[in-house]
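In terms of our numbering, the sequence shown has 256 at position 256, counting the first letter as 1, and numbering is strictly consecutive. Note that CB positions come from ideal geometry on N, CA and C, so glycine has one too. Given the structure is predicted, the values throughout are model-derived calculations rather than measurements. As structure tokens, the structure follows; a few thoughts come after it.
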Amino acid sequence: MYTRHLPVLCYHAISSSWQATLAVSPELLTTHLKTLARRGYVGLTLAEAERRRAERTLPRRSVVVTFDDGYYSTLLAKPALDDVGFPATVFVVTRFVASGELLSWPGVAHWAKGDHAEEMKSLGWGDLEHLIECGWEIGSHTVTHPRLPELLDTELATELEASRASIVDRLGRCETVAYPYGLADERVALAAARAGYKAAVTLSASHRVDSLYRRARIGLYAADDGLRMHIKLSPVAAALRRTPFADLAQGARTLLRRT
Ligand SMILES: [Zn+2]
1 MYTRHLPVLC YHAISSSWQA TLAVSPELLT THLKTLARRG YVGLTLAEAE
51 RRRAERTLPR RSVVVTFDDG YYSTLLAKPA LDDVGFPATV FVVTRFVASG
101 ELLSWPGVAH WAKGDHAEEM KSLGWGDLEH LIECGWEIGS HTVTHPRLPE
151 LLDTELATEL EASRASIVDR LGRCETVAYP YGLADERVAL AAARAGYKAA
201 VTLSASHRVD SLYRRARIGL YAADDGLRMH IKLSPVAAAL RRTPFADLAQ
251 GARTLLRRT
């Protein structure tokens, strides 16, 4: 079996002043990317990486950088990516791209009402066109950012199909999808395949499932500098995430959070 290791990194917003876990400063992003470039990694978009993986021509050290949600601040990541010559894949929530309203869904909605409302600004179609011209990929993060495993079959199909259709309509293609909150069970993965995507990504501390429609990603957040960064970006840690130990560690963390 062809099992070349392919780290797929997941970022959200880019900001130096916003004290949210999901906002990484441009300086920290630069440190992450320079660390990878120094180690000889080559950056690919997700669609290109999957194509190369299928053709068995994936460079030995490849990495995919992705951004979820379509924060306007994603544009601030571009100089750091340009510096190392990596493209990125941005997963957008199409309702917000189309309407221009501030990004808002359970988990981030409070930010849209506070002092940092500006950080919740969405990328627009014009910004996405520009990113595609620069070699980036635009994928889907659904229409409204729901928890997909909780939807009825028809709602699930609409979230996956309608978001893909509007991206294809405006930008010409949409080959990949990132599940909101990283959540996908077998039914969701099947629906993504049926909706016409070529690959899909999750987001979890444990990566037991790593199939074409549930590719694992490494979430990188504001606290991921120093040793934490080195552990997250190490191939050894990636291998560990695919073992039962990762499930145990994740279970323990969840339990601790509940108590
Ligand atoms: Zn999201």
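Distance cut-off 6 angstroms: residue i Cβ against heavy atoms of ligand 1
{"i": "residue 180", "result": "yes"}
{"i": "residue 68", "result": "yes"}
Three-way DSSP call (helix, strand, coil) for residue i in this model
{"i": "residue 88", "result": "coil"}
{"i": "residue 157", "result": "helix"}
{"i": "residue 168", "result": "helix"}
{"i": "residue 178", "result": "strand"}
{"i": "residue 210", "result": "coil"}
{"i": "residue 56", "result": "coil"}
{"i": "residue 148", "result": "helix"}
{"i": "residue 100", "result": "coil"}
{"i": "residue 219", "result": "strand"}
{"i": "residue 28", "result": "helix"}
{"i": "residue 8", "result": "strand"}
{"i": "residue 64", "result": "strand"}
Neighbourhood of residue i by C-beta distance below 8 angstroms, restricted to the same chain and skipping five residues each side
{"i": "residue 26", "result": "14, 16, 76, 77, 79, 80"}
{"i": "residue 162", "result": "94, 143"}
{"i": "residue 127", "result": "72, 75"}
{"i": "residue 151", "result": "159"}
{"i": "residue 211", "result": "189"}
Check: residue i C-beta below 6 angstroms from any heavy atom of ligand 3
{"i": "residue 117", "result": "With respect to small molecules bound, the structure shown includes ligand 1 and not ligand 3."}
Cβ-based neighbour list, residue i, same chain, cut-off 7 angstroms, excluding 5 preceding and 5 following
{"i": "residue 34", "result": "84"}
{"i": "residue 58", "result": "4, 6, 49, 52"}
{"i": "residue 10", "result": "66, 68, 203, 217, 218, 219, 220"}
Contacting residues, own chain, Cβ-Cβ under 6 angstroms from residue i (five flanking each side not counted)
{"i": "residue 104", "result": "112"}
{"i": "residue 214", "result": "184, 189, 202"}
C-beta neighbour in chain C for residue i, strict 7 angstroms
{"i": "residue 232", "result": "In the structure shown, chain C does not exist; there is a single protein chain."}
Pairing CB atoms from the segment 178-187 with CB atoms from the segment 15-28, are three or more of them under 8 angstroms? no
The segment 162-176 / the segment 104-115 touching (three or more Cβ pairs under 8 angstroms): no
Within the chosen definition, does the segment 194-203 reach the segment 151-164 through at least 3 CB pairs nearer than 8 angstroms? yes
Would the segment 36-45 and the segment 63-71 be scored as touching if the rule is three or more Cβ pairs under 8 angstroms? yes
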